[in-house]
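Student: Input: one structure, supplied below.
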Amino acid sequence: MKIAELHQLFLESSGVGTDTRNIKRNSIFFALKGESFNANLFAIEALEKGASYAVIDEKIIDFEKYSDRLILVEDVLAALQNLAGYHRQQLTCPVLAITGSNGKTTTKELIAAVLSKKFKTIATVGNLNNHIGVPLTLLSMPLDTEFAVVEMGANHQKEIEGYCKYAAPNFGMITNIGKAHLEGFGGIEGVAKGKSELYQYLQDANGKVFVNGEDNVLSKNLFSRFKMQENVILYGSNIEASKQKNSTLGKIVSKGEMLSVEIGKGEKTFAINTHLVGDYNFPNLMAAVCIGQYFGVEDASIKDAIEGYEPSNNRSQKITQGTNTIILDAYNANPSSMILALENFEKLEGKNKIAVIGEMLELGDSSFLEHQKIADKVIQMKLLKSIFVGEGFSFLKDKEGVIYFQNSSLLKEWYALQNFENTTQLIKGSRKNGLEKLLQ
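Under the working numbering, the first residue of the sequence shown carries the number 16, and numbering increases by one thereafter.
Set out below in structure tokens:
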């Protein structure tokens with residue numbers, strides 16, 4: 016079947032699906048395969064549950080019986096990505112791609128909230144930002160979409176380059192370059208190279224990039240390796256950003272736990288009081304303000320959108336339980352984001368501080384050193400309790416003055432028996448740790 020024919024079937028359907036547990040009637044089921052699953056085996060089930068067609072790459076039992084509703088292709092994943100690319104070409108709206116080591120999802124959600132004040136905006140749901148999530152995001156966009164925001168995650172070279180080929184963004188931004196997925200990228204220099212594949216694509220496509228003018232790594236990467244200075248829009252609080260015509264300036268004016276900022280300069284300024292914990296969210300907020308202003312969203316609407324946004328999904332959430340104040344940041348963690356969270360926690364006012372720190376993943380040969388740095392930082396803070404969990408911190412099991420658990424199950428048993436009162440807690444670790452379960 017030609018891609019144009021498959022796209023027509025898609026337009027006539029209720030969308031696409033990859034999981035038989037939540038099949039929509041009249042949808043197209045894509046039978047993806049992985050190391051531990053083969054959805055070809057469930058294609059008939061998808062049809063019986065209401066899917067109009069199933070795309071498969073293996074001849075399955077009862078193929079002839081359902082042949083009019085089975086679409087046999089060479090590779091289902093490639094077919095999904097090709098369909099997404101073809102659909103993208105039918106969209107006439109701007110497409111903004113977001114990648115980076117930390118803050119992608121928060122930044123994406125802030126930007127989408129701001130742009131939605133003016134445009135019919137479709138953005139990546141949650142963190143569906145991988146080789147399956149990116150095409151599903153594109154295919155979630157009706158043809159009358161007025162603005163598309165696509166989050167792109169990556170853990171190895173050439174991954175962002177691959178997404179760009181079918182997402183075809185004409186605008187983009189990198190939140191930052193940090194110590195995430197060091198094993199797959201081959202170190203911090205590999206992270207920078209991999210993330211900057213977005214810059215390379217936009218340079219070749221004559222697209223525009225939004226850049227944190229205070230991030231020396233991004234600035235150096237951009238201005239030394241790429242020839243796109245005329246297509247750069249800066250945001251931040253430094254002098255360099257202020258020299259640029261389309262720049263957006265702001266400064267932190269927080270007096271409590273929540274981030275507050277002042278946007279603009281001279282007499283034309285406005286304040287934004289957020290539900291975001293931590294000054295480390297300042298660049299994420301500034302990106303949303305900058306992009307909103309660039310695309311003509313009124314300042315009052317930008318303020319309203321950002322002040323109305325509340326973090327969820329265990330990302331920098333402030334939770335009150337009895338007399339305890341808890342900062343839950345258990346969705347993900349790497350050395351860069353961990354240090355930022357600890358530095359912010361250190362600055363917060365509050366007695367009886369407790370840190371619950373889960374191990375970090377995908378650090379390769381750097382794992383021991385990076386976990387040691389985090390442990391040293393926590394211990395130096397002299398908290399009421401310093402609690403660590405996971406194999407990455409196993410070197411602490413006999414260390415005096417800290418509490419160590421081999422796994423989260425043991426930690427949860429202990430945590431449930433504590434009668435914490437009047438504490439301020441930071442709970443942070445990689446997703447695998449499941450630290451949010453401590454509060455359930």
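We put the beta carbon where it would ideally sit given N, CA and C, even for glycine.
Since the model is a prediction, treat every value here as computed from it, not as a measurement.
Exposed or buried, what is M167 when buried is set at 16 or more other beta-carbons lying within 10 Å of its beta-carbon?
Tutor: With 16 or more other Cβ atoms within 10 Å, it is buried.
Student: If we count the other Cβ atoms within 10 Å of its Cβ and call it buried at 16 or more, is K210 buried or exposed?
Tutor: With 16 or more Cβ atoms within 10 Å of its Cβ, K210 is classed as buried.
Student: Provide the residue span of the beta strand (DSSP E) that contains S275, from first to last.
Tutor: From DSSP, the beta strand (DSSP E) with S275 extends over 273-280.
Student: If you follow the alpha helix (DSSP H) that G407 is part of, which residue opens it and which one closes it?
Tutor: Taken as a continuous stretch (DSSP letters only), G407 belongs to no alpha helix (DSSP H), as it is neither H nor E.
Student: Only counting runs of 3 or more residues, tell me where the beta strand (DSSP E) segments fall wholly within the stretch 311-397, in order along the chain.
Tutor: Within the stretch 311-397, the complete beta strand (DSSP E) runs of at least 3 residues are 332-336, 339-344, 368-373.
Student: My guess is that I402 and A370 are in contact by the Cβ rule of under 8 Å, so how many angstroms apart are they, rounded?
Tutor: I402 to A370, Cβ: 7 Å. Contact.
Student: From which residue to which residue does the alpha helix (DSSP H) around Y101 run?
Tutor: Start and end: 91-105.
Student: Per the DSSP calculation, G148 is bridged to which residue(s)?
Tutor: None, per the DSSP bridge assignment.
Student: Hey, F360 and I306 are a contact pair by Cβ (cut 8 Å); roughly how many whole angstroms apart?
Tutor: That belief does not hold up - the Cβ atoms of F360 and I306 are roughly 29 Å apart, past 8 Å.
Student: Would you check if the distance between the CB atom of K447 and the CB atom of E374 is smaller than 9 Å?
Tutor: Yes, Cβ-Cβ distance for K447 and E374 is below 9 Å.
Student: Which stretch, first to last residue, makes up the beta strand (DSSP E) that contains G265?
Tutor: Taken as a continuous stretch (DSSP letters only), the beta strand (DSSP E) holding G265 covers 263-267.
Student: Given a cut-off of 9 Å on the beta-carbon distance, is the pair G251 and M301 in contact?
Tutor: Yes, the Cβ-Cβ distance between G251 and M301 is below 9 Å.
Student: Roughly how many angstroms lie between the CA atoms of S382 and T33, to the nearest whole one?
Tutor: Straight-line Cα distance between these residues: approximately 34 Å.
Student: Pull up the CB-CB distance for S262 and G228, whole angstroms please, since I reckon it's below 8 Å.
Tutor: Contact flag correct, Cβ pair sits at about 7 Å.
Student: Put G59 into one of helix, strand or coil per three-state DSSP.
Tutor: The identity of residue 59 in the sequence shown is Ile, whereas the question assumes Gly. It is helical.
Student: Taking the beta strand (DSSP E) that G115 belongs to, which residues open and close that run?
Tutor: Note, G115: premise wrong, no beta strand (DSSP E); not H, not E.
Student: How many Å lie between K266 and S352 at the Cα?
Tutor: Straight-line Cα distance between these residues: approximately 21 Å.
Student: Determine the DSSP secondary structure at H171, reduced to helix, strand or coil.
Tutor: H171 falls in the coil class under three-state DSSP.
Student: Between the stretch 182-195 and the stretch 99-106, can you find at least three pairs of beta-carbon atoms closer than 8 Å?
Tutor: Contact between the stretch 99-106 and the stretch 182-195 is present, because at least three Cβ pairs lie under 8 Å.
Student: Taking 8 Å as the cut-off, does the stretch 80-93 touch the stretch 103-114 (at least 3 CB pairs, one atom from each stretch)?
Tutor: These segments do not touch.
Student: Three or more C-beta pairs under 8 Å: does that hold for the stretch 327-336 against the stretch 282-299?
Tutor: Touching, yes.
Student: Does the contact criterion of 3 or more C-beta pairs under 8 Å hold for the stretch 416-423 versus the stretch 310-328?
Tutor: With a cut-off of 8 Å, the stretch 310-328 and the stretch 416-423 do not count as touching, because too few Cβ pairs lie within range.
Student: Between L411 and V417, how many whole angstroms is the CB-CB distance? I'm expecting something under 8 Å.
Tutor: About 5 Å separates the two Cβ atoms, so the contact holds.
Student: Would the stretch 62-75 count as touching the stretch 141-155 if we require 3 or more Cβ pairs under 8 Å?
Tutor: As far as the Cβ criterion goes, the stretch 62-75 does not touch the stretch 141-155, which means the pair count is below three.
Student: Could you check which residue in Q172, Q96, D83 has the C-alpha nearest to that of T152?
Tutor: Selected option, being the one with the closest Cα: Q96.
Student: With V88 as the anchor, note down where its beta strand (DSSP E) starts and where it stops.
Tutor: Segment: none, V88 is in no beta strand (DSSP E) and carries neither H nor E.
Student: What first and last residue would you give for the beta strand (DSSP E) that runs through K1?
Tutor: This structure cannot speak to residue 1, because the chain is shown only from 16 to 455.
Student: Could you round the C-beta distance between G187 and L213 to whole angstroms and report it? I think they count as a contact, below 8 Å.
Tutor: That belief holds up - the Cβ atoms of G187 and L213 are roughly 5 Å apart, short of 8 Å.
Student: Going by beta carbon distance, what residues of the same chain come within less than 6 Å of Y216, once the five residues before and after it are set aside?
Tutor: Closer than 6 Å at Cβ, skipping near neighbours: C179.
Student: Which same chain residues, not among the five before or five after N231, have their C-beta less than 7 Å away from its C-beta?
Tutor: Within the same chain, N231 has no close Cβ partners at all.
Student: For A315, count neighbouring Cβ atoms within 10 angstroms of its own Cβ and tell me buried if that reaches 16, exposed if not.
Tutor: With fewer than 16 Cβ atoms within 10 Å of its Cβ, A315 is classed as exposed.
Student: Nearest CA to the CA of E245: which residue from A390, Q218, N253?
Tutor: When only C-alpha atoms are compared, the closest one is Q218.
Student: Quick check: the Cα distance between A220 and E282, rounded to an integer number of angstroms?
Tutor: C-alpha separation (whole angstroms): 38 Å.
Student: Could you give the distance in angstroms between the alpha-carbon of F57 and the alpha-carbon of K235?
Tutor: Rounded to whole angstroms, F57 to K235 spans 49 Å at the Cα level.
Student: Looking only at its own chain, which residues have a Cβ that is under 6 Å from the Cβ of F241, when we skip the five neighbours before and after it?
Tutor: These residues qualify, in order along the chain: Y214, Q218.
Student: Report the three-state DSSP secondary structure of N246 (helix, strand or coil).
Tutor: N246 falls in the helix class under three-state DSSP.
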